[in-house]
Amino acid sequence: MNAQQLKNSILQQAIQGKLVPQDPADEPASVLLQRIRKEKERLVKEGNLKKKDLESKPIEEDEIPFEIPESWEWCRVADVIFPPKYGTSNKSLVEGAVPVLRMGNIQDGEIVFDKLVYSNNLTDNEKYNLKTGDLLFNRTNSAELVGKTGIYRGQQQAIYAGYLILLRPIEINSEYLNFVLGSSYARSYCQEVKTIGVQQCNINAEKISSFCIPLPPLAEQRRIVAKIEELMPLVERYGKAQQALDQLNESLPARLRQSILQEAIQGRLVPQDPKEEPASELLKRIRKEKEQLVKEGKLKKKDLESKPIEEDEIPFEVPEGWEYVRLGELVYNQTGLSYSKGDLEKKVSNPIRVLRGGNIQNGSWCIKGDDVMIAPEFVKKPNLLLQKNTFITPAVTSLEHLGKTALIEEDHNDIVAGGFVLYLIPYYRQEDTYIKYLSYFFQTLFYNKFCKSIANKSGQAFWNLSRQKLMELTIPLPPLSEQKRIVAKVEELFGVMKV
25 MNAQQLKNSI
35 LQQAIQGKLV
45 PQDPADEPAS
55 VLLQRIRKEK
65 ERLVKEGNLK
75 KKDLESKPIE
85 EDEIPFEIPE
95 SWEWCRVADV
105 IFPPKYGTSN
115 KSLVEGAVPV
125 LRMGNIQDGE
135 IVFDKLVYSN
145 NLTDNEKYNL
155 KTGDLLFNRT
165 NSAELVGKTG
175 IYRGQQQAIY
185 AGYLILLRPI
195 EINSEYLNFV
205 LGSSYARSYC
215 QEVKTIGVQQ
225 CNINAEKISS
235 FCIPLPPLAE
245 QRRIVAKIEE
255 LMPLVERYGK
265 AQQALDQLNE
275 SLPARLRQSI
285 LQEAIQGRLV
295 PQDPKEEPAS
305 ELLKRIRKEK
315 EQLVKEGKLK
325 KKDLESKPIE
335 EDEIPFEVPE
345 GWEYVRLGEL
355 VYNQTGLSYS
365 KGDLEKKVSN
375 PIRVLRGGNI
385 QNGSWCIKGD
395 DVMIAPEFVK
405 KPNLLLQKNT
415 FITPAVTSLE
425 HLGKTALIEE
435 DHNDIVAGGF
445 VLYLIPYYRQ
455 EDTYIKYLSY
465 FFQTLFYNKF
475 CKSIANKSGQ
485 AFWNLSRQKL
495 MELTIPLPPL
505 SEQKRIVAKV
515 EELFGVMKV
(Lines of atoms letter the chains of each structure in order from A; the text may use other names.)
(Lines give C-alpha, C1' and ligand atoms only; values in the text may rest on other atoms or scores of the structure.)
Protein backbone atom coordinates (compact mmCIF):
# COMPACT_ATOMS: atom_id res chain seq x y z
CA MET A 25 0.00 0.00 0.00
CA ASN A 26 1.48 3.35 -1.01
CA ALA A 27 0.95 6.65 0.83
CA GLN A 28 -1.94 7.77 -1.38
CA GLN A 29 -3.73 4.46 -0.88
CA LEU A 30 -3.20 4.73 2.87
CA LYS A 31 -4.56 8.28 2.86
CA ASN A 32 -7.58 7.14 0.82
CA SER A 33 -8.19 4.34 3.31
CA ILE A 34 -8.07 6.75 6.27
CA LEU A 35 -10.48 9.17 4.61
CA GLN A 36 -12.86 6.35 3.72
CA GLN A 37 -12.82 5.10 7.28
CA ALA A 38 -13.49 8.67 8.42
CA ILE A 39 -16.55 9.28 6.21
CA GLN A 40 -18.01 5.89 7.14
CA GLY A 41 -17.84 6.66 10.86
CA LYS A 42 -15.09 4.12 11.56
CA LEU A 43 -12.16 6.40 12.37
CA VAL A 44 -13.27 7.78 15.74
CA PRO A 45 -15.86 6.52 18.25
CA GLN A 46 -19.38 7.96 18.35
CA ASP A 47 -20.63 9.73 21.46
CA PRO A 48 -24.35 9.30 22.27
CA ALA A 49 -24.24 12.71 23.97
CA ASP A 50 -23.44 14.45 20.67
CA GLU A 51 -26.18 16.52 19.09
CA PRO A 52 -27.27 14.35 16.10
CA ALA A 53 -26.62 15.48 12.54
CA SER A 54 -30.36 15.79 11.93
CA VAL A 55 -30.50 18.71 14.39
CA LEU A 56 -27.52 20.30 12.66
CA LEU A 57 -29.33 20.08 9.30
CA GLN A 58 -32.43 21.71 10.86
CA ARG A 59 -30.28 24.55 12.15
CA ILE A 60 -28.69 25.04 8.71
CA ARG A 61 -32.18 25.07 7.20
CA LYS A 62 -33.34 27.77 9.62
CA GLU A 63 -30.26 29.85 8.80
CA LYS A 64 -31.08 29.62 5.09
CA GLU A 65 -34.72 30.60 5.76
CA ARG A 66 -33.49 33.64 7.67
CA LEU A 67 -31.26 34.61 4.75
CA VAL A 68 -34.20 34.27 2.37
CA LYS A 69 -36.30 36.62 4.52
CA GLU A 70 -33.43 39.13 4.49
CA GLY A 71 -33.17 38.85 0.71
CA ASN A 72 -29.70 37.37 0.79
CA LEU A 73 -30.90 34.05 -0.66
CA LYS A 74 -33.67 33.10 -3.06
CA LYS A 75 -36.54 30.74 -2.24
CA LYS A 76 -35.20 28.21 -4.74
CA ASP A 77 -32.08 27.94 -2.56
CA LEU A 78 -34.26 26.23 0.05
CA GLU A 79 -35.20 23.45 -2.33
CA SER A 80 -33.70 20.08 -1.44
CA LYS A 81 -33.83 17.07 -3.71
CA PRO A 82 -34.66 13.88 -1.74
CA ILE A 83 -31.93 11.23 -1.62
CA GLU A 84 -33.01 7.95 -3.18
CA GLU A 85 -32.04 4.65 -1.63
CA ASP A 86 -29.86 3.67 -4.60
CA GLU A 87 -27.78 6.84 -4.11
CA ILE A 88 -26.55 5.68 -0.71
CA PRO A 89 -23.22 3.86 -1.25
CA PHE A 90 -22.50 2.65 2.30
CA GLU A 91 -23.93 2.52 5.82
CA ILE A 92 -23.23 5.26 8.35
CA PRO A 93 -23.75 5.49 12.14
CA GLU A 94 -27.20 6.13 13.54
CA SER A 95 -26.48 9.70 14.59
CA TRP A 96 -25.27 10.64 11.08
CA GLU A 97 -27.33 11.82 8.12
CA TRP A 98 -27.04 11.63 4.35
CA CYS A 99 -27.43 15.02 2.66
CA ARG A 100 -26.41 16.77 -0.51
CA VAL A 101 -23.59 19.30 -0.72
CA ALA A 102 -26.19 21.95 -1.56
CA ASP A 103 -27.87 21.33 1.78
CA VAL A 104 -24.85 22.51 3.80
CA ILE A 105 -23.39 25.37 1.73
CA PHE A 106 -24.38 28.74 0.39
CA PRO A 107 -25.34 28.64 -3.30
CA PRO A 108 -22.15 27.74 -5.25
CA LYS A 109 -20.57 30.59 -7.20
CA TYR A 110 -18.30 30.62 -10.26
CA GLY A 111 -15.17 32.78 -10.20
CA THR A 112 -14.22 35.83 -12.18
CA SER A 113 -13.94 35.66 -15.95
CA ASN A 114 -11.95 38.89 -16.24
CA LYS A 115 -8.39 38.71 -17.51
CA SER A 116 -5.76 38.59 -14.79
CA LEU A 117 -2.57 40.64 -14.57
CA VAL A 118 1.08 39.74 -14.02
CA GLU A 119 1.16 42.23 -11.16
CA GLY A 120 -1.62 43.75 -9.11
CA ALA A 121 -3.34 44.25 -5.78
CA VAL A 122 -5.09 40.92 -5.12
CA PRO A 123 -4.01 37.38 -6.13
CA VAL A 124 -6.38 35.45 -8.39
CA LEU A 125 -6.32 31.74 -7.49
CA ARG A 126 -6.45 29.32 -10.41
CA MET A 127 -6.65 25.54 -10.83
CA GLY A 128 -2.89 25.17 -10.36
CA ASN A 129 -3.14 26.74 -6.92
CA ILE A 130 -5.14 23.76 -5.63
CA GLN A 131 -2.70 21.09 -4.48
CA ASP A 132 -3.62 18.02 -2.43
CA GLY A 133 -6.57 19.65 -0.66
CA GLU A 134 -4.72 22.89 0.08
CA ILE A 135 -4.42 26.33 -1.53
CA VAL A 136 -0.84 27.20 -2.47
CA PHE A 137 0.25 30.74 -3.25
CA ASP A 138 2.73 30.31 -6.10
CA LYS A 139 2.73 31.19 -9.80
CA LEU A 140 0.15 33.85 -9.00
CA VAL A 141 -1.68 36.27 -11.25
CA TYR A 142 -3.48 39.35 -9.95
CA SER A 143 -6.57 41.55 -10.13
CA ASN A 144 -6.92 45.33 -9.83
CA ASN A 145 -10.66 45.19 -10.52
CA LEU A 146 -12.33 46.64 -7.40
CA THR A 147 -15.71 45.09 -8.21
CA ASP A 148 -14.18 41.61 -8.65
CA ASN A 149 -12.02 41.99 -5.57
CA GLU A 150 -15.13 42.56 -3.47
CA LYS A 151 -17.50 40.15 -5.24
CA TYR A 152 -15.13 37.15 -5.26
CA ASN A 153 -13.29 37.83 -2.02
CA LEU A 154 -12.58 34.59 -0.14
CA LYS A 155 -13.28 33.94 3.54
CA THR A 156 -11.43 31.60 5.85
CA GLY A 157 -12.90 28.11 5.53
CA ASP A 158 -14.08 28.54 1.93
CA LEU A 159 -13.58 25.59 -0.40
CA LEU A 160 -12.59 25.97 -4.04
CA PHE A 161 -13.72 23.24 -6.43
CA ASN A 162 -11.88 22.84 -9.75
CA ARG A 163 -14.67 22.46 -12.30
CA THR A 164 -12.53 22.30 -15.49
CA ASN A 165 -9.33 20.32 -15.87
CA SER A 166 -7.94 17.04 -17.19
CA ALA A 167 -9.92 13.86 -16.52
CA GLU A 168 -7.51 13.01 -13.72
CA LEU A 169 -7.59 16.38 -11.96
CA VAL A 170 -11.10 17.73 -12.55
CA GLY A 171 -12.96 18.01 -9.24
CA LYS A 172 -9.94 18.56 -7.01
CA THR A 173 -10.76 20.73 -4.01
CA GLY A 174 -8.73 22.95 -1.71
CA ILE A 175 -9.48 24.84 1.48
CA TYR A 176 -8.70 28.54 1.89
CA ARG A 177 -7.20 29.30 5.30
CA GLY A 178 -7.05 33.10 5.06
CA GLN A 179 -3.32 33.22 4.39
CA GLN A 180 -3.74 36.44 2.41
CA GLN A 181 -6.52 38.20 0.58
CA ALA A 182 -7.44 36.42 -2.63
CA ILE A 183 -10.18 35.94 -5.20
CA TYR A 184 -10.70 33.02 -7.57
CA ALA A 185 -10.87 32.47 -11.33
CA GLY A 186 -13.71 31.18 -13.49
CA TYR A 187 -12.55 27.57 -13.67
CA LEU A 188 -13.17 27.32 -9.92
CA ILE A 189 -16.42 27.13 -7.95
CA LEU A 190 -16.79 28.57 -4.46
CA LEU A 191 -18.30 26.17 -1.92
CA ARG A 192 -18.91 28.13 1.29
CA PRO A 193 -20.11 25.90 4.17
CA ILE A 194 -22.89 26.86 6.57
CA GLU A 195 -22.46 25.73 10.18
CA ILE A 196 -20.54 22.54 9.31
CA ASN A 197 -16.80 22.05 9.73
CA SER A 198 -15.01 23.20 6.55
CA GLU A 199 -12.09 20.87 7.17
CA TYR A 200 -14.43 17.88 7.35
CA LEU A 201 -16.15 18.81 4.08
CA ASN A 202 -12.74 19.28 2.46
CA PHE A 203 -11.71 15.78 3.53
CA VAL A 204 -14.98 14.34 2.17
CA LEU A 205 -14.44 16.03 -1.20
CA GLY A 206 -10.85 14.79 -1.25
CA SER A 207 -11.82 11.18 -0.60
CA SER A 208 -11.75 8.42 -3.20
CA TYR A 209 -15.56 8.28 -2.82
CA ALA A 210 -15.81 11.87 -4.07
CA ARG A 211 -13.20 11.27 -6.76
CA SER A 212 -15.25 8.35 -8.09
CA TYR A 213 -18.35 10.55 -8.20
CA CYS A 214 -16.44 13.21 -10.16
CA GLN A 215 -15.30 10.63 -12.68
CA GLU A 216 -18.90 9.48 -13.14
CA VAL A 217 -20.50 12.90 -13.65
CA LYS A 218 -17.78 14.74 -15.57
CA THR A 219 -18.49 15.76 -19.15
CA ILE A 220 -15.67 15.31 -21.65
CA GLY A 221 -14.78 18.25 -23.89
CA VAL A 222 -12.28 18.57 -26.72
CA GLN A 223 -9.27 18.87 -24.42
CA GLN A 224 -10.63 19.04 -20.86
CA CYS A 225 -13.39 17.71 -18.66
CA ASN A 226 -16.02 19.69 -16.78
CA ILE A 227 -18.18 19.30 -13.67
CA ASN A 228 -20.71 22.10 -13.24
CA ALA A 229 -22.08 23.58 -10.02
CA GLU A 230 -25.32 21.61 -10.25
CA LYS A 231 -23.50 18.30 -10.26
CA ILE A 232 -21.25 19.03 -7.31
CA SER A 233 -24.23 20.49 -5.42
CA SER A 234 -26.11 17.21 -5.94
CA PHE A 235 -23.31 15.07 -4.51
CA CYS A 236 -24.49 12.99 -1.53
CA ILE A 237 -22.24 13.25 1.54
CA PRO A 238 -22.31 11.53 4.93
CA LEU A 239 -22.77 14.14 7.65
CA PRO A 240 -21.71 13.35 11.26
CA PRO A 241 -22.71 15.37 14.32
CA LEU A 242 -20.71 18.60 14.50
CA ALA A 243 -18.73 17.41 17.55
CA GLU A 244 -17.77 14.22 15.75
CA GLN A 245 -16.75 16.23 12.67
CA ARG A 246 -14.23 17.99 14.87
CA ARG A 247 -12.95 14.69 16.30
CA ILE A 248 -12.62 13.26 12.80
CA VAL A 249 -10.66 16.30 11.59
CA ALA A 250 -8.38 16.16 14.63
CA LYS A 251 -7.66 12.46 14.08
CA ILE A 252 -6.96 12.93 10.36
CA GLU A 253 -4.64 15.84 11.09
CA GLU A 254 -2.87 13.64 13.63
CA LEU A 255 -2.45 10.82 11.11
CA MET A 256 -1.51 12.77 7.97
CA PRO A 257 2.06 13.63 9.07
CA LEU A 258 2.58 9.92 9.74
CA VAL A 259 1.22 9.13 6.28
CA GLU A 260 3.59 11.70 4.80
CA ARG A 261 6.55 10.12 6.59
CA TYR A 262 5.40 6.72 5.45
CA GLY A 263 5.19 8.05 1.88
CA LYS A 264 8.75 9.37 1.99
CA ALA A 265 10.00 6.07 3.39
CA GLN A 266 8.05 4.17 0.73
CA GLN A 267 9.46 6.43 -1.98
CA ALA A 268 12.99 5.83 -0.73
CA LEU A 269 12.34 2.08 -0.67
CA ASP A 270 10.90 2.17 -4.19
CA GLN A 271 13.95 4.05 -5.44
CA LEU A 272 16.21 1.54 -3.73
CA ASN A 273 14.30 -1.39 -5.24
CA GLU A 274 14.45 0.28 -8.64
CA SER A 275 18.18 0.88 -8.46
CA LEU A 276 19.08 -2.37 -6.71
CA PRO A 277 19.14 -4.60 -9.84
CA ALA A 278 21.48 -2.13 -11.57
CA ARG A 279 23.67 -1.92 -8.48
CA LEU A 280 23.79 -5.69 -8.13
CA ARG A 281 24.60 -6.01 -11.82
CA GLN A 282 27.50 -3.57 -11.49
CA SER A 283 28.71 -5.29 -8.33
CA ILE A 284 28.74 -8.68 -10.11
CA LEU A 285 30.60 -7.28 -13.10
CA GLN A 286 33.16 -5.54 -10.88
CA GLU A 287 33.77 -8.77 -8.97
CA ALA A 288 34.18 -10.52 -12.33
CA ILE A 289 36.87 -8.20 -13.73
CA GLN A 290 38.78 -8.26 -10.43
CA GLY A 291 38.96 -12.05 -10.39
CA ARG A 292 36.69 -12.50 -7.37
CA LEU A 293 33.61 -14.02 -9.01
CA VAL A 294 34.94 -17.53 -9.75
CA PRO A 295 37.94 -19.50 -8.40
CA GLN A 296 41.27 -19.57 -10.24
CA ASP A 297 43.00 -22.74 -11.38
CA PRO A 298 46.84 -22.49 -11.38
CA LYS A 299 47.02 -25.33 -13.91
CA GLU A 300 45.24 -23.26 -16.55
CA GLU A 301 47.00 -21.64 -19.47
CA PRO A 302 47.74 -18.02 -18.38
CA ALA A 303 46.36 -14.98 -20.13
CA SER A 304 49.80 -14.30 -21.59
CA GLU A 305 49.24 -17.23 -23.98
CA LEU A 306 45.99 -15.70 -25.20
CA LEU A 307 47.86 -12.43 -25.80
CA LYS A 308 50.43 -14.32 -27.86
CA ARG A 309 47.68 -15.70 -30.10
CA ILE A 310 46.22 -12.22 -30.47
CA ARG A 311 49.69 -10.96 -31.36
CA LYS A 312 50.05 -13.63 -34.07
CA GLU A 313 46.64 -12.62 -35.44
CA LYS A 314 47.82 -9.02 -35.71
CA GLU A 315 51.11 -10.06 -37.37
CA GLN A 316 49.11 -11.98 -39.97
CA LEU A 317 46.99 -8.90 -40.66
CA VAL A 318 50.19 -6.89 -41.16
CA LYS A 319 51.41 -9.45 -43.70
CA GLU A 320 48.08 -9.19 -45.52
CA GLY A 321 48.41 -5.42 -45.59
CA LYS A 322 45.33 -4.90 -43.42
CA LEU A 323 47.40 -3.43 -40.58
CA LYS A 324 50.53 -1.35 -40.43
CA LYS A 325 53.69 -2.33 -38.57
CA LYS A 326 53.13 0.51 -36.11
CA ASP A 327 49.95 -1.29 -35.02
CA LEU A 328 52.17 -3.95 -33.47
CA GLU A 329 53.81 -1.43 -31.18
CA SER A 330 52.81 -1.66 -27.55
CA LYS A 331 53.08 1.16 -25.03
CA PRO A 332 54.26 -0.13 -21.63
CA ILE A 333 51.72 0.05 -18.81
CA GLU A 334 52.88 2.21 -15.93
CA GLU A 335 52.20 1.24 -12.33
CA ASP A 336 49.85 4.17 -11.76
CA GLU A 337 47.69 2.95 -14.68
CA ILE A 338 46.78 -0.26 -12.84
CA PRO A 339 43.47 0.39 -11.02
CA PHE A 340 43.37 -2.76 -8.88
CA GLU A 341 45.20 -6.01 -8.28
CA VAL A 342 44.30 -9.09 -10.32
CA PRO A 343 45.05 -12.78 -9.68
CA GLU A 344 48.20 -14.51 -10.85
CA GLY A 345 47.78 -15.71 -14.41
CA TRP A 346 45.88 -12.57 -15.43
CA GLU A 347 47.38 -9.78 -17.52
CA TYR A 348 46.78 -6.06 -17.85
CA VAL A 349 46.63 -5.05 -21.49
CA ARG A 350 45.71 -1.89 -23.34
CA LEU A 351 42.42 -1.90 -25.21
CA GLY A 352 44.26 -0.93 -28.39
CA GLU A 353 46.15 -4.26 -28.29
CA LEU A 354 42.84 -6.13 -28.35
CA VAL A 355 40.75 -4.08 -30.76
CA TYR A 356 41.12 -1.51 -33.50
CA ASN A 357 38.61 1.25 -34.10
CA GLN A 358 36.96 3.01 -37.00
CA THR A 359 34.18 5.54 -37.34
CA GLY A 360 30.83 4.79 -38.91
CA LEU A 361 29.26 5.94 -42.17
CA SER A 362 29.21 9.64 -42.96
CA TYR A 363 26.32 10.85 -45.08
CA SER A 364 24.59 14.06 -46.08
CA LYS A 365 20.94 15.01 -46.02
CA GLY A 366 20.82 14.64 -49.79
CA ASP A 367 21.89 11.00 -49.47
CA LEU A 368 18.68 10.29 -47.56
CA GLU A 369 16.29 11.69 -50.14
CA LYS A 370 16.70 8.88 -52.63
CA LYS A 371 13.94 6.27 -52.31
CA VAL A 372 15.12 2.66 -52.69
CA SER A 373 13.51 -0.71 -52.24
CA ASN A 374 16.32 -2.28 -50.18
CA PRO A 375 17.74 0.51 -48.03
CA ILE A 376 20.54 0.25 -45.49
CA ARG A 377 19.60 1.09 -41.90
CA VAL A 378 21.96 3.51 -40.11
CA LEU A 379 22.31 3.09 -36.35
CA ARG A 380 22.96 6.18 -34.25
CA GLY A 381 23.77 6.73 -30.60
CA GLY A 382 20.14 6.32 -29.54
CA ASN A 383 20.11 2.76 -30.89
CA ILE A 384 22.89 1.69 -28.55
CA GLN A 385 21.97 0.34 -25.14
CA ASN A 386 24.20 -1.06 -22.43
CA GLY A 387 25.35 -4.34 -23.99
CA SER A 388 22.88 -4.47 -26.86
CA TRP A 389 21.29 -2.37 -29.59
CA CYS A 390 17.78 -1.86 -30.93
CA ILE A 391 15.89 -0.74 -34.01
CA LYS A 392 13.91 2.50 -33.72
CA GLY A 393 11.05 3.95 -35.70
CA ASP A 394 13.01 7.07 -36.65
CA ASP A 395 16.11 5.24 -37.90
CA VAL A 396 17.88 6.74 -40.90
CA MET A 397 17.60 4.67 -44.11
CA ILE A 398 20.11 5.12 -46.92
CA ALA A 399 20.67 3.71 -50.43
CA PRO A 400 23.18 0.80 -50.62
CA GLU A 401 25.45 2.63 -53.09
CA PHE A 402 26.36 5.17 -50.41
CA VAL A 403 27.93 2.39 -48.31
CA LYS A 404 31.20 2.21 -50.20
CA LYS A 405 33.11 0.33 -47.50
CA PRO A 406 31.73 -3.19 -46.97
CA ASN A 407 33.47 -3.41 -43.59
CA LEU A 408 31.01 -0.81 -42.28
CA LEU A 409 28.25 -3.42 -42.39
CA LEU A 410 27.73 -4.84 -38.91
CA GLN A 411 29.80 -7.96 -38.38
CA LYS A 412 29.50 -10.65 -35.76
CA ASN A 413 31.61 -10.26 -32.59
CA THR A 414 32.29 -6.56 -33.01
CA PHE A 415 31.19 -3.64 -30.85
CA ILE A 416 29.70 -0.21 -31.47
CA THR A 417 29.69 2.75 -29.09
CA PRO A 418 28.62 6.41 -29.43
CA ALA A 419 31.56 8.66 -30.31
CA VAL A 420 29.56 11.88 -29.98
CA THR A 421 26.64 11.80 -27.54
CA SER A 422 25.25 13.12 -24.26
CA LEU A 423 27.26 12.54 -21.10
CA GLU A 424 24.60 10.10 -19.90
CA HIS A 425 25.10 7.80 -22.90
CA LEU A 426 28.89 7.93 -23.04
CA GLY A 427 30.39 4.46 -22.71
CA LYS A 428 27.30 2.49 -23.70
CA THR A 429 28.62 -0.29 -25.90
CA ALA A 430 26.67 -2.87 -27.87
CA LEU A 431 27.84 -6.30 -29.00
CA ILE A 432 26.95 -7.30 -32.55
CA GLU A 433 26.11 -11.00 -32.27
CA GLU A 434 25.56 -11.80 -35.94
CA ASP A 435 26.29 -10.38 -39.39
CA HIS A 436 23.89 -7.78 -40.78
CA ASN A 437 24.18 -7.03 -44.49
CA ASP A 438 21.61 -4.24 -44.32
CA ILE A 439 22.77 -2.27 -41.24
CA VAL A 440 25.66 0.12 -40.63
CA ALA A 441 26.55 2.54 -37.84
CA GLY A 442 26.57 6.28 -38.46
CA GLY A 443 29.48 8.68 -38.44
CA PHE A 444 29.02 9.64 -34.79
CA VAL A 445 29.38 5.98 -33.77
CA LEU A 446 32.66 4.16 -33.19
CA TYR A 447 33.32 0.55 -34.18
CA LEU A 448 35.52 -1.48 -31.79
CA ILE A 449 36.70 -4.52 -33.77
CA PRO A 450 38.57 -7.27 -31.88
CA TYR A 451 41.63 -8.77 -33.57
CA TYR A 452 40.72 -12.19 -32.23
CA ARG A 453 37.04 -12.72 -33.01
CA GLN A 454 36.82 -16.47 -33.40
CA GLU A 455 36.53 -17.15 -29.67
CA ASP A 456 32.97 -16.34 -28.52
CA THR A 457 33.78 -16.56 -24.80
CA TYR A 458 36.53 -13.98 -25.11
CA ILE A 459 34.14 -11.68 -26.98
CA LYS A 460 31.49 -12.12 -24.28
CA TYR A 461 34.03 -11.31 -21.58
CA LEU A 462 34.88 -8.09 -23.43
CA SER A 463 31.17 -7.33 -23.73
CA TYR A 464 30.68 -7.64 -19.99
CA PHE A 465 33.78 -5.54 -19.36
CA PHE A 466 32.31 -2.79 -21.56
CA GLN A 467 29.22 -2.83 -19.33
CA THR A 468 31.12 -2.19 -16.11
CA LEU A 469 30.94 1.05 -14.17
CA PHE A 470 34.73 1.10 -14.30
CA TYR A 471 34.68 1.31 -18.11
CA ASN A 472 31.79 3.78 -18.15
CA LYS A 473 33.59 6.15 -15.78
CA PHE A 474 36.76 5.92 -17.83
CA CYS A 475 34.88 6.93 -20.99
CA LYS A 476 33.45 9.97 -19.23
CA SER A 477 36.88 10.94 -17.92
CA ILE A 478 38.42 11.10 -21.41
CA ALA A 479 35.54 12.84 -23.19
CA ASN A 480 35.64 16.43 -24.40
CA LYS A 481 32.58 18.64 -24.35
CA SER A 482 31.22 19.60 -27.78
CA GLY A 483 28.61 22.36 -27.61
CA GLN A 484 26.05 22.53 -24.82
CA ALA A 485 24.72 18.99 -24.82
CA PHE A 486 27.24 16.68 -26.50
CA TRP A 487 30.57 15.09 -25.66
CA ASN A 488 33.27 13.64 -27.91
CA LEU A 489 34.88 10.34 -26.93
CA SER A 490 38.66 10.50 -27.42
CA ARG A 491 39.55 7.53 -29.62
CA GLN A 492 43.25 7.75 -28.85
CA LYS A 493 42.77 7.82 -25.08
CA LEU A 494 40.19 5.03 -25.28
CA MET A 495 42.75 2.76 -26.92
CA GLU A 496 45.13 3.41 -24.01
CA LEU A 497 42.69 2.03 -21.42
CA THR A 498 44.19 -0.82 -19.38
CA ILE A 499 42.00 -3.92 -19.24
CA PRO A 500 42.31 -6.86 -16.79
CA LEU A 501 42.43 -10.02 -18.93
CA PRO A 502 41.91 -13.46 -17.31
CA PRO A 503 43.03 -16.79 -18.75
CA LEU A 504 40.64 -17.99 -21.44
CA SER A 505 39.39 -20.91 -19.32
CA GLU A 506 38.60 -18.57 -16.47
CA GLN A 507 36.83 -16.23 -18.89
CA LYS A 508 34.50 -19.13 -19.70
CA ARG A 509 33.71 -19.63 -16.01
CA ILE A 510 33.24 -15.89 -15.51
CA VAL A 511 30.84 -15.60 -18.46
CA ALA A 512 28.89 -18.67 -17.31
CA LYS A 513 28.59 -17.34 -13.74
CA VAL A 514 27.57 -13.85 -14.87
CA GLU A 515 24.90 -15.28 -17.16
CA GLU A 516 23.67 -17.53 -14.34
CA LEU A 517 23.40 -14.64 -11.86
CA PHE A 518 21.83 -12.27 -14.38
CA GLY A 519 19.32 -14.99 -15.22
CA VAL A 520 18.32 -15.31 -11.57
CA MET A 521 18.08 -11.52 -11.28
CA LYS A 522 16.31 -11.29 -14.66
CA VAL A 523 18.41 -8.30 -15.73
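The numbering used here numbers the first residue of the sequence shown as 25 and each following residue consecutively. A virtual CB, placed ideally from N, CA and C, is assigned to each residue, including glycine.
- Taking C-beta separations shorter than 7 Å and ignoring five residues to either side along the sequence, the partners of glycine 352 in its chain run Met495 and Glu496, following chain order.
- The three-state reading of DSSP puts glutamate 424 in helix, counting H, G and I together.
- Following the DSSP letters along the chain, one finds glutamine 454 in no beta strand (DSSP E), marked with neither H nor E.
- In terms of Cα proximity to histidine 436, the closest of Glu315, Leu323, Lys412 and Gly174 is Lys412.
- Assigned with DSSP and collapsed to three states, glutamate 97 falls in strand.
- A residue is called buried once 16 or more other Cβ atoms fall within 10 Å of its Cβ, and asparagine 26, having fewer, is exposed.
- Classified as buried, proline 502 has 16 or more neighbouring CB atoms from the shown chains inside 10 Å of its CB.
- Note on geometry: alpha-carbon atoms of isoleucine 196 and leucine 242 lie some 7 Å from one another.
- Contiguous alpha helix (DSSP H) elements confined to the region 137 to 209 occur at 146 to 151 and 198 to 205, taking only those with 4 or more residues.
- Cβ contact annotation for glutamate 347 (same chain, cutoff 7 Å, sequence separation greater than five): Ala303, Ser304, Leu307 and Leu501, in chain order.
- Comparing C-alpha distances from glutamine 507 to each of Lys172, Ile478 and Ser463 shows the shortest one belongs to Ser463.
- Valine 68 sits in a helix when the DSSP states are folded into three classes.
- Given a length threshold of 4 residues, each whole run of the alpha helix (DSSP H) inside the region 472 to 503 is given here in chain order: 491 to 495.
- Nearest to tyrosine 452 by alpha-carbon distance, out of Leu446, Val445, Phe444 and Tyr461, is Tyr461.
- Linking proline 48 to leucine 255 through their CA atoms gives a straight-line distance of about 25 Å.
- Check the Cα spacing between isoleucine 92 and each of Ile39, Ile130 and Pro52: the tightest is with Ile39.
- The three-state reading of DSSP puts alanine 49 in coil, since its state is none of H, G, I, E or B.
- Per the DSSP secondary-structure output, phenylalanine 415 pairs in a beta bridge with Leu431 and Leu448.
- With contact defined as three or more Cβ pairs closer than 8 Å, the region 312 to 330 and the region 409 to 429 are not in contact.
- In the three-state scheme derived from DSSP, where H, G and I count as helix and E and B as strand, cysteine 214 is classed as helix.
- Within the DSSP bridge table, the entry for cysteine 236 names Arg100 as partners.
- By the Cβ neighbour-count rule, asparagine 383 is buried, with 16 or more other Cβ atoms within 10 Å of its own.
- The three-state reading of DSSP puts leucine 255 in helix, counting H, G and I together.
- With fewer than 16 other Cβ atoms inside 10 Å of its own Cβ, glycine 393 counts as exposed.
- Listed in chain order, the alpha helix (DSSP H) runs fully inside the region 380 to 413 amount to none, counting runs of at least 4 residues.
- Check the Cα spacing between leucine 446 and each of Cys475, Thr457, Asp456 and Lys251: the tightest is with Cys475.
- The region 229 to 241 and the region 50 to 62 touch, with no fewer than 3 CB-CB distances between them shorter than 8 Å.
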